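Peer 1: Here it is: the structure, laid out below.
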Amino acid sequence: MTMKGRLALALLLALMLATPALAEAAIAFRAAASKDVNGSAGSIVINVPAGTVKGDVMVALISVRPYTATIAAPAAFTPLTRVNQTTGTTSSLAVYTRVASSSEPASYTWTFSANTGNAGGILSFSGVDNGSPVDDWQTALVASGTSFPAPSVTTTVANTMIVTGHEFASSMRFTPPAGMTEAFDVASLAVNNVAGTAVEGSYVLQAAVGASGTKTATVTGNADTAATATLALRPVVCSAVSDTGYASATATSGQAIVYWAGASNVTVLRKTSAFGSERPADGVAYVVGDPVGAASVVYSGSAATFTQTGLTNGTAYHYKVFVRDGTPCYSTGTEVKASPVAGASPAWSYSMAGGSMLNPGITGYGTIYTSSNAGRIVSLSTADGTQSWTPVGTAAAVQGTLTWVPAAGFEYRRNVPVTAGTAAVPSGYSVPVTFDHASLVAAGKSLASGNDVRVYYWDGGAWTQLDRVLDEGASWNSATTTVWFQTQAAIGASGSDTGYYLFYGYPGAGAPPASASNVYLFYDDFAWSDAPANHGWTVRNSTWTADGSKVTAGGTAYDFAVMSHPVSTGDAIIEARALGLGSVCSDCRHIGVGLRFSDTGSGYIGIGYDYDTTLLTIIDQRAWFDSNQYALLGSVAQTLAADTWHRIKFRAIGTSLADKAWVDGAAEPGWQLSLTDATYASGTQIVLSGGWDVPKGSQWDWVKVRRAVDPEPTAAAAAEEGLGTTSLFGGDQSGWVYHVDGTTGFTLWSTQLSGADAVQAATAVQLRSFSDAAFQAAYTDDVIFVATRNASSTSNKVFAMRAGDGTVLWTFNGTGTYNVDYIVGMPYVDYQRNRLYVTSRAGAAGTQASLWVLDALTGALVQSFALGHLESSASLSGDYGTLYVGDQAGSLYALDTDAVALKWAAPYALGSALKGYVWEDWSVAGRIYFSTADGNVWCLQDTGTGASQEWKQPVAGASSPLVLDSLFVGSSDGTLHQLNLTSGVDEKQVTLGDGTATVGDVSTEDGTQLFVGTTAGTLYKLPLPLP
């Protein structure tokens, strides 16, 4: 297909597709198991409590008589304590804990040496902190009696589970402590018997932090000695964990690829039915294969995608992605479904959690771009349905079809890794990168002005465009062009951040962000001529004047001229371009810059031109106005020429101070003076200091301050990458408009339109390269047209925006001159006449104008028509001579675009509202196809003065049709229908998914396949011919 044909198809397809509080997880008793009447056996076997799952905490209580008997516990259990009653009838109580695994055995065995009785049980609890299950524990020995207090414990967190163990040297049944629930009560011999031993386990939830109080169990006879223990189980303490930014899945034969974003660690569960209550338990770390209810863990890690092979075709697999933190605590989870099938119908399917995907997308260069109610812009390979880049998040759902445009984005990029030396680099550090811009200009890849050169940062989930400024000693179109930008994240010592990129090769990109205040801690180029105080400067001594390009120190006092500005500095570099006048005395040419100054005038100054121009010095200044209140910390011989602009740079890092000065334009030297001093660690002011003898005359062209580490990080541009030439445009339900690079997925710009509640209609575009001389004279870039869907029935607008930067070029009805109801159909561009056709509703009474013909160059109204409520897009015939629109009452109109007047004698009566748009046959002029809301697909022939019906075919809930060699229509019956173009016969039906979702509009890439979405949030690729 030719580029022009592809663009025509793309335009037609675009038209048709018109920090939270902490919370404790509740500990719950799961179950208990015990062994009664075990006598004096050499071992005791206790079953794992029923229903115990991975992450549950088991507490085992084992009693044995006498206390001298040894106990060999299962290796899986961790001993907590053993309390031995050594007086009277001796006995012992041992306490153990275990965090359950996913593959627990049926039982555990404890082995004893010779004994006269043993008994025991296991309690199992969910919701316990696996890393530190026991908050506090205490034990006690009880003299002979029938009342046995277990000691109090003091909890440090809320909602602990208090567990008590009571053991005594007789075989009796216990009455549990008041308020506690007995989990088990067993004895070594049949009760009641003065021989043997008995043990009871009980539990109660304690909400408050603090002492539990003693917990006393009793027996009704056989007074004897006892041992008791109390422990408090800690709950899992969780902060709220946010779900992943999105979850999606691509299914092909025998395989599913699951994607997600916005999380560093996730756990993914899978089922073959919809999820119910299955969720990872907070506090439990899972591995692949672990069961979680009816689901199983299929992935646990920090990647952003995983692939499963060996799946059964024809089976619907449900995946749920849970974000986990370090505890681990889990999010509520995001579910997405993948249904692999054998064969080519469909070739693949792609699902995104979050809502309907009736928009089938727009294609270009082997990629399909779409969106859904999930609030993401998606890019997929048309070959296999895999994501091309991380879906771009939008403020609200983009429901109109995206507009795909060739040659409207950056064509090249270069990665710029920022690498730290042995010193860590903080976020907000100013970094330079030097590259050969002249060679790019010569190759036609970049503008000589550098306006298309941008710096972007990729944080792993989103692109951010950064301010970049040209170095003061550099120029565009140079072999050594240097730009500065600011780091967006800290970099560890010897580490590297590869998220920075140079982009270029987009003439229509518009003005770049280039604010020095967003690159440096402070910057002033003195482009002002009023009082310094108006720009934040405080004159501390002498006089300071500005002429719009520089500031000059003057005055008649024999003292330093000093001016300061509030800038908080610790480790920093201050640099300035300055000059000492030869027309003043040689001792009057001081130029200095200072850091770490206090509000009272104490700090460090690095000075050049000092002492008859022969010294570079660093001084400790101790007062604003008194030149005698300072100490010379160091100096080095240096001769600086008068009347010559120099750079002076002063650095303070910790106690290390360094200074240098050199002729502006010459190569920058290393530090010329270095010393240490610990007087000032930080400050709130920076300083310019100059002159001494009258009339001073020191001058400053600019000054900048930035953070400093030693050694400084390095940044170098890597090899060039070609990006292709595609851009995407779309508007969302909150009035935001987006320009996304189709190759990389980064957002070139986004803006919320003033006066727009929502943008529901697809955006339209007029490509400059395909437009006439009048358009090309008016605009230097492509133009995007965006219409609003406001709550008001009179205040809707149409915006014309420059594609490069989103600048609004004109607004139709910006001041409410006309009563314009909401617009949901895509505006249609008439390239031959530079016109824009816009359809709207007709106001509360249905009598307002609803078809608007606008001048695409200016936004001026050419003509309007009151045609009732229009909620479909206007559609032009192939010869641009006829415009078709249909209203909600079932009338189809034709407009003569030359005469700008209605063409037919009367509208054609359809009996139901037109859906979407009208297609004209590729080969038969005036033969048009469309669908209506009553579930019919139509074919009419435009006769010039009216229309005649060729055929009408019922299709339940018919979508807008796609015209190829056949007519393809989605349906509410869950199938895609193929209709014969000539007769309208419903020739084939293909069921999508389980057949329960409504099938939406249809699109294609080159006529050999179809793409169609559903209300289930799934997009399908179907090769042609259909089976």
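Residues 16 to 1042 in the numbering used here are what the sequence shown lists, from first letter to last.
Glycine residues also receive a C-beta, built at the ideal position from the N, C-alpha and C atoms.
Quick caveat: nothing in here was measured; it's all calculated off a predicted structure.
#1: Expressed to the nearest angstrom, what Euclidean distance is found between the alpha-carbon atoms of P447 and V755?
#2: So what's H884 in DSSP terms, helix, strand or just coil?
#3: Going by C-alpha to C-alpha distance, which of A75, P1040, T1033 sits closest to G370?
#4: Does the Cβ of N174 have 16 or more other Cβ atoms within 10 Å, making it buried, or fewer, making it exposed?
#5: May I have the straight-line CA-CA distance separating G901 from A788, to the nearest angstrom?
#6: For the stretch 393-442, which segments carrying the beta strand (DSSP E) assignment without a break, of at least 3 residues, lie completely within its bounds, in sequence order?
#7: Would you decide whether G507 is buried or exposed? Buried here means 16 or more other CB atoms lie within 10 Å of its CB.
#8: Cutting at 6 Å between CB atoms, please list the residues of its own chain near L28, excluding the five before and the five after it.
#9: What distance in whole Å lies between the Cβ atoms of D150 and V172, which are believed to be in contact at a cut-off of 8 Å?
#10: Helix, strand or coil: which one does DSSP assign to Q791?
#11: Spatial neighbours of G563 within its chain, please: CB distance less than 7 Å, with the 5 preceding and 5 following residues excluded, ordered by chain position.
#12: Between the Cα of G308 and those of A296, A319, A278, spot the shortest distance and give me the residue it belongs to.
#13: Using a Cβ-Cβ cut-off of 7 Å (strictly less than) and excluding sequence neighbours within five positions of G737, which residues of its own chain qualify?
#14: Alpha carbon to alpha carbon, what distance is there between G931 and K1036?
#15: Which residues does DSSP list as the beta-bridge partners of P447?
#16: Please report the straight-line C-alpha distance between T632 and A638, rounded to a whole angstrom.
#17: When DSSP labels each residue in this structure, what does F532 get in the three-state scheme?
#18: Please classify S974: is it buried, with 16 or more other beta-carbons within 10 angstroms of its beta-carbon, or exposed?
#19: Please list the terminal residues of the continuous beta strand (DSSP E) segment that includes L690.
#20: Quick check on this structure: which residue in F189, D936, F92 has the alpha carbon closest to the alpha carbon of P148?
#21: At which residues does the alpha helix (DSSP H) containing S454 begin and terminate?
#22: Using a threshold of 8 Å, state whether the C-beta atoms of M73 and S167 are closer than that.
#23: So for N99, helix, strand or coil by DSSP?
#24: For the stretch 274-281 and the stretch 248-263, state whether three or more C-beta atom pairs, one from each stretch, are separated by less than 8 Å.
#25: Of all the options R817, K812, I838, which has the alpha carbon lying nearest to the alpha carbon of T826?
#26: Would Y843 and L891 qualify as a contact pair, given that the criterion is a beta-carbon distance under 8 Å?
#27: Look at the alpha carbon of Y899 and the alpha carbon of D957, and state the distance between them as a whole number of angstroms.
#28: Let me check one thing: in DSSP terms, what residues is H333 bridge-paired to?
#29: Going by DSSP in three states, H605 sits in which element: helix, strand or coil?
#30: Within the chosen definition, does the stretch 552-571 reach the stretch 492-510 through at least 3 CB pairs nearer than 8 Å?
#31: Just list the residues that DSSP pairs C344 with in beta bridges.
#32: Over what stretch of residues does the beta strand (DSSP E) that includes Y1035 continue unbroken?
#33: State whether the stretch 712-723 contacts the stretch 387-403, with contact taken as three or more CB pairs (one from each stretch) at a distance under 8 Å.
#34: I'd like the ranges of any beta strand (DSSP E) spanning at least 3 consecutive residues and lying wholly in the stretch 234-281.
#35: At the level of alpha carbons, what is the spacing between A247 and T190?
#36: Just grab the DSSP bridge partners of K1057 for me.
Peer 2: Quick look at the numbers:
#1: Your numbering for residue 447 matches position 432 in the sequence shown. Your numbering for residue 755 matches position 740 in the sequence shown. Counting only the Cα atoms, V755 lies some 27 Å from P447.
#2: In the sequence shown, counting from the first residue as 1, residue 884 sits at position 869. Coil.
#3: Within the sequence shown, numbered from 1, the residue matching residue 370 stands at position 355. Comparing Cα positions, the closest option is T1033.
#4: Looking up residue 174 in the sequence shown gives position 159. Under this definition N174 is a buried residue.
#5: The count along the sequence shown starts at 1 and reaches residue 901 at position 886. The count along the sequence shown starts at 1 and reaches residue 788 at position 773. Looking at the two C-alpha atoms, the distance is approximately 33 Å.
#6: 418-421, 427-430
#7: To locate residue 507, count along the sequence shown from 1; it is residue 492. Exposed, by the Cβ-count rule.
#8: On the sequence shown, residue 28 is found 13 positions in, with the first residue counted as 1. The predicted position of L28 is uncertain, since its pLDDT is 45 and thus under 50; no value can be drawn from it.
#9: Working through the sequence shown from its first residue, we reach residue 172 at position 157. Working through the sequence shown from its first residue, we reach residue 150 at position 135. The Cβ separation is near 6 Å, so the contact holds.
#10: As a working note, residue 791 is residue 776 in the sequence shown. Looking at Q791 - three-state DSSP - the assignment turns out to be helix.
#11: Within the sequence shown, the letter at position 548 stands for residue 563. If we look at G563 and ignore the five residues flanking it on each side, its Cβ neighbours are A542, W543, S544.
#12: Locating residue 308 in the sequence shown gives position 293, where the first residue counts as 1. For G308, the nearest C-alpha among the options comes from A296.
#13: What you label residue 737 is simply residue 722 of the sequence shown in a count that begins at 1. Counting only Cβ-Cβ distances below 7 Å, and skipping sequence neighbours, we find E426, Y427.
#14: Here residue 1036 refers to the residue found at position 1021 when the sequence shown is read from its first residue. Here residue 931 refers to the residue found at position 916 when the sequence shown is read from its first residue. C-alpha separation (whole angstroms): 22 Å.
#15: Mapped onto the sequence shown, residue 447 falls at position 432. DSSP, once it has assigned bridges, lists W499 as partnering P447.
#16: Numbered from its first residue, the sequence shown carries residue 632 at position 617. Numbered from its first residue, the sequence shown carries residue 638 at position 623. Looking at the two C-alpha atoms, the distance is approximately 18 Å.
#17: For the purposes of this step, residue 532 is taken as the residue at position 517 of the sequence shown. The sequence shown places Ser at residue 532, not Phe. In this structure, S532 counts as helix in the three-state DSSP scheme.
#18: Locating residue 974 in the sequence shown gives position 959, where the first residue counts as 1. In the assembly as shown, S974 is a buried residue. Its beta-carbon has 16 or more other beta-carbons within 10 Å.
#19: Residue 690 sits at position 675 when you count from the first residue of the sequence shown. Where L690 is concerned, the enclosing beta strand (DSSP E) stretches over 688-691.
#20: Here residue 148 refers to the residue found at position 133 of the sequence shown. P148 has its Cα closest to that of F92, out of F189, D936, F92.
#21: As a first step, residue 454 is located in the sequence shown; it is residue number 439 there, counting from the start. Unbroken alpha helix (DSSP H) run through S454: 452-457.
#22: Stepping through the sequence shown from its first residue, residue 73 is reached at position 58. Stepping through the sequence shown from its first residue, residue 167 is reached at position 152. With respect to S167, M73 sits apart: the two C-beta atoms are not nearer than 8 Å.
#23: The count along the sequence shown starts at 1 and reaches residue 99 at position 84. The answer is strand: DSSP assigns N99 an E or B state.
#24: By the Cβ criterion, the stretch 274-281 is in contact with the stretch 248-263, since at least three pairs of Cβ atoms, one from each stretch, lie closer than 8 Å.
#25: Locating residue 826 in the sequence shown gives position 811, where the first residue counts as 1. The residue with the shortest Cα to Cα distance from T826 is K812.
#26: Mapped onto the sequence shown, residue 843 falls at position 828. Mapped onto the sequence shown, residue 891 falls at position 876. Yes, they are a contact pair.
#27: Counting from one through the sequence shown, the residue named residue 899 turns up at place 884. Counting from one through the sequence shown, the residue named residue 957 turns up at place 942. Rounded to whole angstroms, Y899 to D957 spans 10 Å at the Cα level.
#28: The residue you call residue 333 lines up with position 318 of the sequence shown. BP columns for H333 point to K286, K352.
#29: On the sequence shown, position 590 is the one that residue 605 refers to. DSSP places H605 outside both helix and strand once states are collapsed to three, so it counts as coil.
#30: no
#31: Translated into the one-based positions of the sequence shown, residue 344 becomes position 329. DSSP output for C344 lists no bridge partner at all.
#32: Mapped onto the sequence shown, residue 1035 falls at position 1020. Unbroken beta strand (DSSP E) run through Y1035: 1033-1038.
#33: no
#34: 239-248, 261-267, 270-276
#35: Your numbering for residue 247 matches position 232 in the sequence shown. Your numbering for residue 190 matches position 175 in the sequence shown. Between A247 and T190, the C-alpha separation is close to 21 Å.
#36: What is shown of the chain runs 16 to 1042, which leaves residue 1057 out entirely.
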